[in-house]
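Below: one structure, written as C-alpha cells.
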Amino acid sequence: MSCLCNLPATPPIFPCYRLGWCLPFTLSLWVGRKPHSPVRPAEHLITYRRKGPFKPMKKLFPLAMFPLLFACNEGDAANAAAAPVAIDDHDRCHICGMMITKYPGPKGQLFLKGTESVPKFCSSRDMFNFALQTENQRQITAMYVHDAASTDWESPSDSHFIDAKTAYYVYGTSKKAVMGPAVAPFSTLEAAEKFANEYGGRVLDFQDITLELLADSK
Ligand code: ZN
Ligand code: CU1
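Position in the sequence shown counted from 1, then plus 158, gives you the numbering used here.
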C-alpha cells in the first residue's frame, strides 16, 4: 500500500513525513479490531476496556508499523532524482523541434512526474522556457544542464550534465548558442565568474532565471 499524503521533504527525526498519516491509521486499526479471546460478553467488555487493547499493542505495534514504513520508503525511492540521459543525434528540442546536437551551446533535459519520456532541449535557454511555465513547474522531478566549464561549447558532452537548480549561470555572453542569448551553466561560482570575465555577461543563480529575463532580451 502507499500513503495518501504527498509531502515532499523528509524531516531528520522521522524516517518519513507520512507517519503523520500512517500513525493515526495504524492506531485506528487497533481501536477497531475485534477482541481475540472468547470470553462472556459482560466480562469481556470490562477487561477489554481496562487493559485489553494496550497489552498486545505494546508488543505488536512496531510490527504493525513496519510495512507502512516500508511503503513510505518505497515512495521516497521512486521520487529520488533520475540520472541524466545521453542526447541522441536524432533527438529534437521539446520546445522548438530543432535537432539538438546540430547546434552549439549547453543543452538541457528534464524529468517529469508520471512519464518515462525525457524532454530534451536545444539550449539551456529553451529548457528554462519550458521549465518556468507554471503548469510544468510542479511536474518536474529533475533538471540537468551541460556544465560549460568542463565540456566543449561547440559540442557539449553528455557526461557533463549538472543539476540545473544548483548551477550558476552567465547571461548575456558573447558566446553563441541558439534561440536567443545563451544561458551558460556552471557548477561553481568561480567558473561562472571566470567565464563572464572572458566572454562577457553577468553571473546569476537558478532563481534569477525568469521568463521575464528571457523575454526581455530576445
Ligand atoms: Zn529549442
Ligand atoms: Cu530552436
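Ideal Cβ placement from N, Cα and C applies to all residues, glycine included. All values reported here derive from a predicted model rather than from experimental measurement.
{"query": "With the cut-off set at 7 Å, would you say Thr-331 and Tyr-357 are in Cβ contact?", "result": "yes"}
{"query": "Using 10 angstroms around the beta-carbon of Gly-255, count the other beta-carbons present and answer buried if the total reaches 16, otherwise exposed.", "result": "exposed"}
{"query": "Specify the secondary structure class of Met-285 as computed by DSSP and reduced to three states.", "result": "helix"}
{"query": "Just checking my contact of Tyr-327 with Pro-339 at CB under 8 Å: how many whole Å lie between their CB atoms?", "result": "Between Pro-339 and Tyr-327 the Cβ distance is about 11 Å, and since that is not below 8 Å, they are no contact."}
{"query": "Count Cβ pairs between the region 280–299 and the region 345–361 that sit closer than 8 Å; are there 3 or more?", "result": "no"}
{"query": "Since Leu-371 is in the beta strand (DSSP E), which residue starts that stretch and which ends it?", "result": "No beta strand (DSSP E) contains Leu-371, which is instead part of the alpha helix (DSSP H) from 369–374."}
{"query": "Gln-267 lies in the beta strand (DSSP E); which residues open and close that run?", "result": "266–270"}
{"query": "Using DSSP's beta-bridge definition, name the partner residues of Tyr-326.", "result": "Phe-344, Asp-363"}
{"query": "Does the contact criterion of 3 or more C-beta pairs under 8 Å hold for the region 269–286 versus the region 309–320?", "result": "no"}
{"query": "Assign Leu-181 to one of two classes, buried (16 or more other C-beta atoms within 10 Å of its C-beta) or exposed (fewer than that).", "result": "Confidence in Leu-181 is poor, its pLDDT being 47 and thus under 50, which makes the residue's placement too unreliable to answer from."}
{"query": "What residue does the alpha helix (DSSP H) around Thr-299 start on, and which one ends it?", "result": "Unbroken run through Thr-299 is the beta strand (DSSP E), 298–304; no alpha helix (DSSP H)."}
{"query": "Shorter than 6 Å, the distance from the beta carbon of Ile-245 to the closest heavy atom of the ligand ZN, or not?", "result": "no"}
{"query": "Looking only at its chain, what residues have a beta carbon closer than 6 Å to the beta carbon of Ser-275, apart from the 5 residues adjacent to it on each side?", "result": "none"}
{"query": "Among Phe-288, Ala-354, Gln-297, Lys-260, which one has its Cα closest to the Cα of Ala-306?", "result": "Ala-354"}
{"query": "Put Asp-321 into one of helix, strand or coil per three-state DSSP.", "result": "strand"}
{"query": "From Gly-233 to Leu-270, what does the alpha carbon distance come to, in whole angstroms?", "result": "Its pLDDT being 48, under 50, Gly-233 is placed unreliably by the model, and the measurement read from it follows with that caveat. For Gly-233 and Leu-270, the distance between alpha carbons rounds to 16 Å."}
{"query": "Could you spell out where the alpha helix (DSSP H) holding Gln-295 opens and where it closes?", "result": "292–295"}
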